[in-house]
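Chains C and P supply the protein sequences, listed in that same order. Numbering-wise, our numbering puts 217 at position 217 of the first sequence, and it's gapless, one number per residue. Each number in our numbering corresponds to the 1-based position in the second sequence with 1000 added. Glycine is no exception: its CB is placed at the ideal position from the N, C-alpha and C atoms. The block underneath contains the structure these notes are about, expressed in structure tokens.
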Amino acid sequence: RSSSAENRQELLDELEELLIQADVGIQTAGIIRDDVSAYFAVHPGATWDDVLGIVRASMVRMLSAVPPAEAAILPPIPPEVVLVIGVNGGGKTTTIGKLAYRHVQAGRRVLLGAADTFRAAAVEQLAIWADRVGADLLAQKSGADPASVAFDAVAAGRSRGNDVVILDTAGRLHTKVNLMQELLKIQRVVGKAHEGAPHEVLLVVDATMGQNAIAQARQFHQSLGITGIVVSKLDGTAKGGVVLPLARELGLPVRWLGVGEGLDDLEPFEAGAFVDALLS
Amino acid sequence: SLAAKLDGILKKLQGHGKLDERTVDEALRELRLALLEADVNYRVVKDFVASIRPKALSEQVLASITPGHQVAWIVHQEMVRLLGGESAPIHWSGIDPMVIMLAGLQGSGKTTTAAKLALLLKRQQRRVLLVAADVYRPAAVAQLRTLSSQIGVDCDGGEGDPVAICSAAAVRARREVYDAVVLDTAGRLHIDSEMMEELARIVAAVSPKERLLVADGMTGQDAVKTAQEFHATLSLTGIILTKLDGDARGGAALSVRAVTGAPIKFVGVGEKLQDLEPFHPSRIASRILG
Ligand SMILES: Nc1nc2c(ncn2[C@@H]2O[C@H](COP(=O)(O)OP(=O)(O)OP(=O)(O)O)[C@@H](O)[C@H]2O)c(=O)[nH]1
Ligand SMILES: Nc1nc2c(ncn2[C@@H]2O[C@H](COP(=O)(O)OP(=O)(O)OP(=O)(O)O)[C@@H](O)[C@H]2O)c(=O)[nH]1
Ligand SMILES: [Mg+2]
Ligand SMILES: [Mg+2]
Chain C
1 RSSSAENRQE LLDELEELLI QADVGIQTAG IIRDDVSAYF AVHPGATWDD VLGIVRASMV
61 RMLSAVPPAE AAILPPIPPE VVLVIGVNGG GKTTTIGKLA YRHVQAGRRV LLGAADTFRA
121 AAVEQLAIWA DRVGADLLAQ KSGADPASVA FDAVAAGRSR GNDVVILDTA GRLHTKVNLM
181 QELLKIQRVV GKAHEGAPHE VLLVVDATMG QNAIAQARQF HQSLGITGIV VSKLDGTAKG
241 GVVLPLAREL GLPVRWLGVG EGLDDLEPFE AGAFVDALLS
Chain P
1001 SLAAKLDGIL KKLQGHGKLD ERTVDEALRE LRLALLEADV NYRVVKDFVA SIRPKALSEQ
1061 VLASITPGHQ VAWIVHQEMV RLLGGESAPI HWSGIDPMVI MLAGLQGSGK TTTAAKLALL
1121 LKRQQRRVLL VAADVYRPAA VAQLRTLSSQ IGVDCDGGEG DPVAICSAAA VRARREVYDA
1181 VVLDTAGRLH IDSEMMEELA RIVAAVSPKE RLLVADGMTG QDAVKTAQEF HATLSLTGII
1241 LTKLDGDARG GAALSVRAVT GAPIKFVGVG EKLQDLEPFH PSRIASRILG
């Protein structure tokens, strides 16, 4: 059906509801709404499908505007070191298991560093994943200094000739200054163990997160420099729309999508497919 | 602050003598933005703002020297009312052990909260049995066992069928005269019908007096869908919101309360086992309104 002014307003309202409910936030919804209004000015008879086409293009553009990470351009001297961070319960440890599985399937030798020395059974959890996917594990006694574990894991990765070292860290809220300091220390000592490390700093963002994910990402990025985002739990009903403001405001690229609890449930990020799922 | 923003908009009303609906609607738009930014669900915001509108168009607002503060006060009051009174968190009754069941999405904080609750009850001189009914997540049982030994509380469970684990624990609790049983279940998606069916079977087997949704306080718009589904399956008696020790506004509180009608009983405010507080509606209202 083609739109009258009233229909167009209804359409814009429906669009706004769809976008807000996908957690893209008010600013991003407003930008997309403006794109659609501009389109309406030229095509007053636009249908809902036409509008979705404009919305899709607008979102893909936002996500693709992010420059690729340096790590993707310059392959590091092995081992490649990946530091995985994020707030509590987002899916870091599980994501590491999945990433390790991918690397092992590709014939790489992977070492996991159990640098979450704080949370109950965190090391045991990672150990089970290492065993499941065929990766090595480096851990110390519970309560050990996380930076010391991270250092040892990277040093061991170097001497043992691992291709990849992935470091698990404890979940932490970005507002806890001492915990952010701890993370900085981990990053610093890892650089001492292997020049240029960590080559990747991945922030795991739970798809169910609301607008606070932006504050989280901003703080983590400011402190450490994030090279990529993993959006987890996209097999639920949450859309993870917060990655749009993360791309727009912080220039952060999404690298991977977690779509389940199994070792195979990790997909490389592709803007078109992501936006299609968001709009479905 | 919101009050100051609303003041700026509503100051235009003053000296006009009659209420300008358009100006009030402009103020309500500002309120709507604040609530969406705070992660309150889109539809819940719509209903909430609609309920505020007649109150905002009242004589009392018009007569006020600071109409914006007046509206902000009305909004705060209404939100506190919606979030529910500060009722006694856990209802004790009867001689059978009180069975408390925790359920929710993956990673929301159930295992940690189970131990926090157990510590709270222990400090109230109750004998508590913690039950590790998550047989799926790697080292989930080890996690709860570690926490329970930290606080000196007995812990059952481990392998097998979660329903059987819970039943066995309930039997043991009755036989050995525990005051309370806290069931930690596996995180699950509300759209996973098999796993939701497992929850229903646990309820059928042990009739938990308290069926609590443990939800992440930083959740965005999706909070409504999750809460609705868990409520439909469990008929929730309460909600625990976790991870409110950060700077998330916590709009999920209003969303889950609005769609389930279940009272928010506790909030998690940290990773330590002491970090569980009773819910204070006024504090959360202030936080949501920024
Ligand atoms: N459905 C689903 N569940 C996931 C996904 N990723 C992780 N999970 C689950 O989320 C829960 C938390 O995952 P963890 O890997 O322990 O999260 P974490 O960030 O390491 O948690 P902390 O170390 O405690 O901060 C577990 O139950 C995982 O199985 C996903 O993509 N989909
Ligand atoms: N900062 C903070 N962290 C919390 C709070 N409650 C739980 N956590 C952390 O959140 C993470 C996940 O907690 P769990 O207890 O493992 O969550 P869960 O719901 O049992 O996870 P699954 O069993 O995988 O579904 C852990 O790192 C906890 O320490 C809280 O109130 N504040
Ligand atoms: Mg972890
Ligand atoms: Mg758990």
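According to DSSP, is residue i part of a helix, a strand, or is it coil?
i         : result
C/GLY272  : helix
P/PHE991  : One cannot answer for residue 991 of chain P here, as it falls past the ends of chain P, which runs 1001 to 1290.
C/ILE186  : helix
C/LEU278  : helix
P/ILE1239 : strand
P/THR1219 : strand
P/LEU1010 : helix
C/ASP203  : The question names Asp, but residue 203 of chain C is Leu in the sequence shown. In the structure shown, C/LEU203 sits in a strand (DSSP, three-state: E or B).
P/LEU1273 : coil
C/ALA71   : For C/ALA71, the predicted structure reports a pLDDT of 49, less than 50, and the residue's modelled location is therefore unreliable. The matter cannot be settled from this model.
C/ARG119  : coil
C/ARG281  : Any answer about residue 281 of chain C is impossible in this case: the structure gives chain C only from 1 up to 280.
C/ASP136  : strand
P/LEU1189 : coil
P/PRO1054 : helix
C/GLU267  : strand
P/PRO1278 : strand
Write down the C-beta distance between residue i and residue j rounded to the nearest angstrom, noting that I regard them as a contact closer than 8 Å.
i         : j         : result
C/ILE214  : C/LEU246  : 7 Å
P/LEU1241 : P/ALA1252 : 7 Å
C/VAL259  : C/LEU279  : The Cβ separation is near 17 Å, so there is no contact.
C/PRO253  : C/GLY228  : 6 Å
C/ILE96   : C/ILE186  : No, C/ILE96 and C/ILE186 are not in contact; Cβ-Cβ is about 15 Å, not under 8 Å.
C/LEU19   : C/ILE32   : 6 Å
P/LEU1276 : P/THR1113 : 7 Å
C/LEU281  : C/ALA127  : Coverage of chain C is limited to positions 1 through 280, which leaves residue 281 of chain C absent and any answer about it impossible.
C/VAL82   : C/VAL164  : 7 Å
Can you name the start and end residues of the beta strand (DSSP E) that residue i belongs to?
i         : result
P/THR1111 : Element bounds for P/THR1111: not the beta strand (DSSP E) but the alpha helix (DSSP H), 1110-1123.
C/PRO245  : Here C/PRO245 belongs to no beta strand (DSSP E); instead the alpha helix (DSSP H) covers 243-250.
C/SER232  : 228-232
C/GLY258  : 254-258
C/ILE85   : 80-85
P/ALA1132 : 1128-1132
Which residues in chain P sit within 7 Å of residue i, going by Cβ to Cβ distance?
i        : result
C/GLU17  : TYR1042
C/GLU124 : ALA1139, ALA1142
C/LEU234 : Going along chain P, no residue has its Cβ under 7 Å from C/LEU234, so there is no contact; the nearest lies around 11 Å.
C/ASN178 : Ordered by position in chain P, no residue passes the 7 Å Cβ test against C/ASN178, which lies about 13 Å from the chain.
C/ASP206 : GLY1107
C/ALA120 : GLN1143, THR1146, LEU1147
Have a look at the DSSP bridge pairing and note the partners of residue i.
i         : result
P/MET1098 : P/ALA1180
C/VAL154  : In the DSSP output, where bridge partners are listed per residue, C/VAL154 has none listed.
C/GLY143  : Per DSSP, none; premise fails for C/GLY143.
P/ARG1211 : P/MET1101
C/ALA114  : C/ASP168
So residue i is in the alpha helix (DSSP H); what residue range does that whole segment cover?
i         : result
C/VAL42   : 26-42
C/ASP13   : 5-21
P/ARG1145 : 1140-1151
P/ASP1154 : Unbroken run through P/ASP1154 is the beta strand (DSSP E), 1154-1157; no alpha helix (DSSP H).
P/ASP1025 : 1021-1037
P/ASP1247 : Here P/ASP1247 belongs to no alpha helix (DSSP H), and DSSP marks it neither H nor E.
P/LEU1289 : 1281-1289
C/GLY53   : 48-64
P/MET1079 : 1067-1083
C/GLY97   : 92-105
C/ARG218  : 212-224
P/GLN1060 : 1059-1063
C/ILE77   : Premise fails: C/ILE77 is in no alpha helix (DSSP H) and is neither H nor E.
Along chain P, which residues have their Cβ under 9 Å away from the Cβ of residue i?
i        : result
C/ASP23  : ASP1039, GLY1220, GLN1221, ASP1222
C/ALA215 : GLY1246, ASP1247, ALA1248
C/GLY91  : GLN1106, GLY1107
So residue i contacts chain C; which residues on that side make the cut at Cβ distance below 9 Å?
i         : result
P/ALA1033 : Here residue 1033 of chain P turns out to be Leu, not Ala, going by the sequence shown. The contacting residues are ILE26.
P/ASP1154 : Result: empty, since nearest Cβ-Cβ is about 17 Å, beyond 9 Å.
Can you pull the chain P residues whose beta carbon is under 8 Å from the beta carbon of residue i, in chain order?
i        : result
C/TRP129 : PRO1138
C/LYS20  : One point to set straight first is that residue 20 of chain C is Ile, not Lys, in the sequence displayed. In chain order: LEU1036, TYR1042, GLN1221.
C/ASN88  : GLY1107, GLY1109, LYS1243, GLU1271
Who are the neighbours of residue i on chain C, taking C-beta pairs under 8 Å?
i         : result
P/THR1185 : Within 8 Å Cβ-Cβ: nothing; P/THR1185 doesn't reach chain C, min ~15 Å.
P/GLY1251 : GLY210
P/ILE1191 : GLY236, THR237
Along chain B, in chain order, which residues have C-beta atoms closer than 9 Å to that of residue i?
i         : result
P/LYS1225 : The displayed structure is made up of protein chains C and P, and chain B is not among them.
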